[in-house]
Each structure stands twice: as C-alpha cells, then as structure tokens.
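J.: Have a look at this one.
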Amino acid sequence: MKAPASIAPTRAPGAGLGDLLGFLLTLLALVIAWKLAVPRSTTPVATLPVAACDLQRETCQLTLGDTTRIDLHILERPISPNQPFTIEAHVADSAVRLVAAEVHGIDVDVGTPPSAFSGAGSDTYRTSLRLPFCTTNRTTWQMTILLTIDGRDLKWPLQFRTETVGLHG
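Residue 150 in the working numbering is what sits at position 81 of the sequence shown, and the numbering runs on without skipping anything.
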C-alpha cells in the first residue's frame, strides 16, 4: 500500500502579490504616522523689545537698520473692549511682510486669536480685531505683531491700556 500524499493547499497564481501589497501599504501607513508624530524642529521666533509708545494716542514706529521701518497706528481710537478696531501699518522696506496681530491681557487672562494682515496697497497692511469684554475698569494689553523680514520671523510687542467708564458701579 502506498502512503497517502500530503494535501497542501494550493494558491492561485498572484496571491502572494496581494499579501506583499498589503504589507507595503501597512508599512507606508506606519512611516506616515511616524513622520506626523515626530515634532519638527522650528527656528525660534525672536521677540523685539516692547515698543516705547502708546497705541491709544500715537503712531508707533519700528526701525531696524537703515531701510526697515514700520509705522503702525489704530484707525478707531480709543480702543475699547468689545468694539472692533483696525490696525494699519505702512512699511518702508519691501523685504518686510506683516503676518498677523494678536492681543492678550497683561492684568487679566483674556486675549484674541491671531488676525491675519492683508495688503491694502503697495506698502500698507490692515487687520481688524475686537478686544474681549473685560470685567475690570482698567486693563493693560499687549499686542504682538508677527512679521517676517527676509524670511526671518519676529514678534514686535506693543502695550496699551483701556479704560471703561460707567460700567462698574
């Protein structure tokens, strides 16, 4: 008597290709997940000294080097909580690009999300913000202007104070 032949499952031609494709797609998904999970190194954003001006009363100027100058002012003065206001800036150097403005309270923990600047002429930028309603009569705010000069990111802090009369007893 002859020994029975072992019965091995038969595979269709090309079945190994499906397994290989599944393995490669899984590997690709793992590589993408790893790339997204690993934090990218970012260059630190330099912060300039706080401007020595009062946005509530005057135009603030930033001068860097011989040719870089930014004149920034508020169109609707005085700035008041819960009222929209427009920030306008004129730049004297084509290498300067204003990116966004954001405001946060120094005395209180409130602020605004960043608001992107848009071009309003060849050398003019504008953006609008609205300070949050505040429960104190006087609040000191810091506005931070995010800008890029020749590909280098900078933060320009400016401080101002709001005073609310008549709302607090």
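Ideal placement from N, C-alpha and C gives every residue a C-beta, glycine not left out.
As the structure is a prediction and not an experimental result, all values here were calculated from the model.
Excluding the 5 residues preceding and the 5 following A161 in the sequence, name in chain order all residues of the same chain whose CB lies nearer than 6 Å to its CB.
T.: R138
J.: By the 10 Å Cβ neighbour count, where 16 or more other Cβ atoms means buried, how is R126 classified, buried or exposed?
T.: exposed
J.: Looking at C-alpha atoms only, which residue of S149, I214, C203 is the closest neighbour of P131?
T.: One detail in the question is off: residue 131 reads as Leu in this sequence, not Pro. The shortest C-alpha separation from L131 is found at I214.
J.: How close, in whole Å, do the beta carbons of L167 and L124 come, if the pair is a contact with beta carbons under 8 Å?
T.: Contact doesn't hold; Cβ gap of about 15 Å is too wide.
J.: Taking the alpha carbon of P118 as the reference point, which residue from T204, V234, P226, N151 has its own alpha carbon closest?
T.: Restricting attention to T204, V234, P226, N151, the CA atom closest to the CA of P118 is found in P226.
J.: Is it buried or exposed for W210, if we count other Cβ within 10 angstroms and need 16 for buried?
T.: buried
J.: From T231 to F202, what does the alpha carbon distance come to, in whole angstroms?
T.: Straight-line spacing of the CA atoms in T231 and F202 works out to 11 Å.
J.: What are the uninterrupted segments assigned as beta strand (DSSP E) that are 3 or more residues long and contained completely in the region 142-220, given in chain order?
T.: 153-160, 165-174, 193-199, 207-218
J.: Out of R221, G174, A164, state which residue places its alpha-carbon closest to the alpha-carbon of D135.
T.: A164
J.: List the DSSP bridge partners of P226.
T.: T213
J.: What does the alpha-carbon distance come out to for the pair G238 and S149?
T.: Here G238 scores only 42 on pLDDT, less than 50, and its place in the model is too uncertain to base an answer on.
J.: What did DSSP end up calling P120 once you bin it into helix, strand or coil?
T.: This sequence places Ala at residue 120; Pro is not what is there. Three-state DSSP puts A120 in coil, outside helix and strand.
J.: In terms of alpha-carbon separation, which member of H173, K104, L144, R207 lies closest to H159?
T.: L144
J.: Mind checking which residues open and close the beta strand (DSSP E) that includes Q130?
T.: 129-133
J.: Go ahead and pull the three-state DSSP assignment for T95.
T.: helix
J.: Short check: CB of T205 to CB of V172, under 8 Å?
T.: no
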